[in-house]
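If you read the sequences in order, they're chains A and B.
Counting in our numbering, the first sequence runs from -8 upward without gaps.
Counting in our numbering, the second sequence runs from 103 upward without gaps.
The beta-carbon is built from N, C-alpha and C at its ideal position, and this holds for glycine as well.
For reference, the structure is listed below as structure tokens.
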Amino acid sequence: MNNLLEVNNVSKYFGDFKALNDVSITIPRGSIFGLLGPNGAGKTTLIRVVNQITMPDSGSVILDGEALSQKHVKDIGYLPEERGLYKSMKVGEQAIYLAQLKGLSKAEAKTRLKYWFERLEIGDWWNKKIQELSKGMAQKIQFVVTVLHEPKLLIFDEPFSGFDPINANLIKDEILRLRENGATVIFSTHRMESVEELCDDIALIHKSNKILEGKLLDIKRQYKINTYEVGIRPYNRALLEKELSEKFNVSKANFRTLEDELKLNIKLQQGEKPNDLLSYLTDKGEVSHFVELIPSVNDIFIQAVNNN
Amino acid sequence: MNHLPLIIKREYLTKVKNKSFIMMTFLSPLIFIALIAFVAYLSQLNNDKIRVVSILDESGLVKDVFKNSGNTSYNILEGMSVEDAKMLVLETKGYGLLHIDDITEGKLTSKDLTFYSEESPSLTLISNLESEIQSELTLQNRIREGIDVEKLKASRVNIEINQESFEGEKTSKVDSIVKLIFGGAAGYLLFMFIIIYGNMIMRSVIEEKTSRIIEVIISSVKPMQLMLGKIIGTSLAGITQFVIWIILGSVLMTVASLILGIDMAQMETPQQQVLEQAMENPEVNLQLQNMVAAFYNLPLTNLIIAFILFFIGGYLLYSSLYAAIGAAVDNETDTQQFMLPIIMPLVLAVYIGIFTVIEDPHGTVSTVFSFIPLTSPVVMLMRIPFGVPIWQQVLSLLILVASFMFTVWFAAKIYRVGILMYGKKPSYKELIKWIKY
């Protein structure tokens, strides 16, 4: 089994509103899977279906080769976007309670908590109430509670919100470490730079439909725009500009250079090779900058959503 | 995985360890006893003040009947005009003036009697005066008409009808009173319990929503389990509180009466006087014995079993509704519109219990409402002391259990959807829609 989770043709209606329309996604074992989509697209509904909070009207979910059932609760760790803890309960008590709900024994929960609390430097909060802690501290505890039972599948919905950059980085490293230890991670966020940084695979949900899914690199190739960012000090500026605009699809580029240079984005036609462009350019001036423009997740996101 | 015991334990412990819960548990009986002591002290203060009532009897018919008693003393005025008497009472700061007009012929009637006072007089005082004058005048009339008063007294007969059911079960008026007290207490206890702890369940559901922990919890637990755990845990906390109240209340009562014992014995309210007089009366003493007998006459086994079953059934029915309301809203202020349909049948049940069950415990109204699930626990509990056929009790209980299961199903639906809905106040129409989700 190469796939940890398979969502097959899942649909879900709320009254007349279709929240999920025949959505299928496949999440490879050991991957960090980015679940993207605009607000209200149906991401949260899909995550809730996987967590058995919401029952799908049709379709099935397969976790680790088995149809999803109540016993899989202990295999999933879920950090929802709308999250919180019992405000008037003590940190330790609360974490043990939540771990017990995930099937850990009290003693086991205690040992693991001690380890995690030390790891994330939250040792002396054990007897404090949540309402006495800052938001960032509470978020750390929430993170620990999510991963404590060492689930196969971790689902993080906007995990970095509420963290300062230092702690966000700490959590990011922990997520990567958990993946190395064998966990599969579903990662839902609007912060595209973290998708870029963390995700191996992505799926894009828009208006209740899945409109894109695959390896991040494959998708990037698919959305390749054959455009190169060029910086050049031309021998004859006016002539080169004229020639280029006749031969290629050219637009103004914007990046930092030391000298006053001609900065352009040049789009190649089907069959044209970047090397030919480069050798053409070297004849016309000093080339200081030649970079292929790779579409960012952000660009792909906007383009895919607009095309639909 | 069955997490129910775990959830119940958490709900129970958080409730019991909550500071305001502890305060309520231990302060309420104290406050209650203090209040009683305070009221007792106040009425004593009030009783210490002697009211001076002046009487100006120009007819001369009744001036001898007024005898100083308790906190009222009479001052008989003679040989002055009404205006002078008024001035005198006002100057001496007397309580008031009863003026009885001179009658030249015929009888003393209401229009001849006037009470003057600065403020409106005490109702008890006026009716005391009225009854004194009334019995004196009646006596005078009888003597005038030549009726032998002694014979009249001796000829008075007191009867009491014995009651017996066709099966030969004997009852009496006293029995009915004892039954009423029992039924009323049981019904009222359930009513109070539902209101106090139902609200507590609702608040704890709202708390989970506002603290946003709910989604974390229900990714591990079925909403139904969470709801049942909450209801049971809170109820256990409620029972704990009730038991502590009863124990603490009786201990404090004993202590208070020991410390204030002398004071309380000295306290002579009019009611107590009546009671004391009554105690001396052998007839009433007999009635007291009857009461004790009536208590043992009650279908006690039936009563206790029915009390437990109907209490649990009724409480669970209502508390699942409270849980559903908590799930439907975001904060406590929004609960108002949904509270009415819950409170209404509850209040209705108590009123039906008080007004119709007393009058006719087996009449159509009482019987019908002791089957309707939302009112049946209270009404049936009030009816049972009067003897309700077992088949009726069982049928009513079955209906209650069936509707409890329906309500839990219904509440769980609303609960399941509602706990994940934030930021909007749902209408009834939306609640119905949620059921289909």
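Check	Outcome
Residue-level contact to chain B via CB, G6/A, 8 Å cutoff	yes
Assigned secondary structure, Q85/A (DSSP; H/G/I helix, E/B strand, else coil)	helix
Beta-carbon proximity check, S313/B vs K93/A, cutoff 8 Å	no
Length of the line joining the Cα atoms of G6/A and A339/B	38 Å
Bounding residues of the alpha helix (DSSP H) (the contiguous stretch that carries I407/B)	L402 to A430
Short Cβ contact (8 Å threshold) for V64/A with L37/A	no
Interface partners of L338/B on chain A, CB under 7 Å	None at all; the shortest Cβ gap to chain A is about 17 Å.
Min CB distance S322/B to chain A below 8 Å	yes
Which residues DSSP lists as bridging Y271/A, in chain order	Answer is none; Y271/A lacks a bridge partner.
9 Å Cβ cut-off: residues of chain A touching T127/B	Chain A residues near T127/B: none, gap ~17 Å exceeds 9 Å.
Residues in the segment 153 to 175 of chain B having any Cβ partner in chain A nearer than 7 Å	none
Nearest to I16/A (by Cα), restricted to the options F239/A, Y4/A, F8/A and V40/A	V40/A
The beta strand (DSSP E) enclosing F512/B, as first and last residue numbers	Counting along the chain, F512/B falls outside any beta strand (DSSP E), though it belongs to the alpha helix (DSSP H) covering I492 to G520.
First through last residue of the alpha helix (DSSP H) which encompasses T216/B	Premise fails: T216/B lies in the beta strand (DSSP E), L215 to S219, not in any alpha helix (DSSP H).
For F24/A, the first and last residue of its enclosing beta strand (DSSP E)	I23 to L27
Residue environment, R212/A, which counts as buried when at least 16 other CB atoms sit within 10 Å	exposed
Whole-angstrom distance between V307/B and P528/B, CA atom to CA atom	16 Å
Within-8 Å CB hit, E73/A to chain B	yes
Inter-stretch contact at 8 Å, needing at least 3 Cβ pairs: the segment 242 to 260 of chain A / the segment 273 to 293 of chain A	yes
Three-state secondary structure (DSSP) of P19/A	strand
Selection of the segment 504 to 531 of chain B by Cβ proximity to chain A, strictly under 9 Å	R518, V519, L522 and Y524
Min CB distance S122/B to chain A below 8 Å	no
Cβ neighbours of F412/B in the same chain (closer than 6 Å, five flanking residues each side left out)	P479, M482 and L483
Nearest-angstrom Cβ-Cβ length linking F178/A and F147/A, presumed shorter than 8 Å	5 Å
Residue ranges of each alpha helix (DSSP H) within the segment 271 to 357 of chain B, 4 or longer	275 to 312 and 316 to 320
Residue-chain proximity (L26/A, chain B), Cβ-Cβ < 8 Å	no
Under 7 Å by beta carbon: chain B residues contacting N0/A	By Cβ distance, chain B contributes nothing, its closest Cβ being about 20 Å from N0/A, past 7 Å.
Alpha-carbon spacing of P487/B relative to L419/B, whole angstroms	23 Å
Selection from S468/B, L448/B and M304/B that minimises the alpha carbon distance to F457/B	S468/B
Cα-Cα separation, L208/A to G25/A	13 Å
Neighbour flag for Y77/A against chain B, beta carbons, 8 Å	yes
Where N230/B falls: helix, strand or coil (DSSP)	helix
The segment 87 to 114 of chain A: positions lying closer than 8 Å to chain B by Cβ	Y88, L89, Q91, L92, K93 and G94
Residue environment, S185/A, which counts as buried when at least 16 other CB atoms sit within 10 Å	buried
Proximity test, Cβ basis, 8 Å: I44/A and chain B	yes
F217/B to V141/B span [Cα, whole Å]	30 Å
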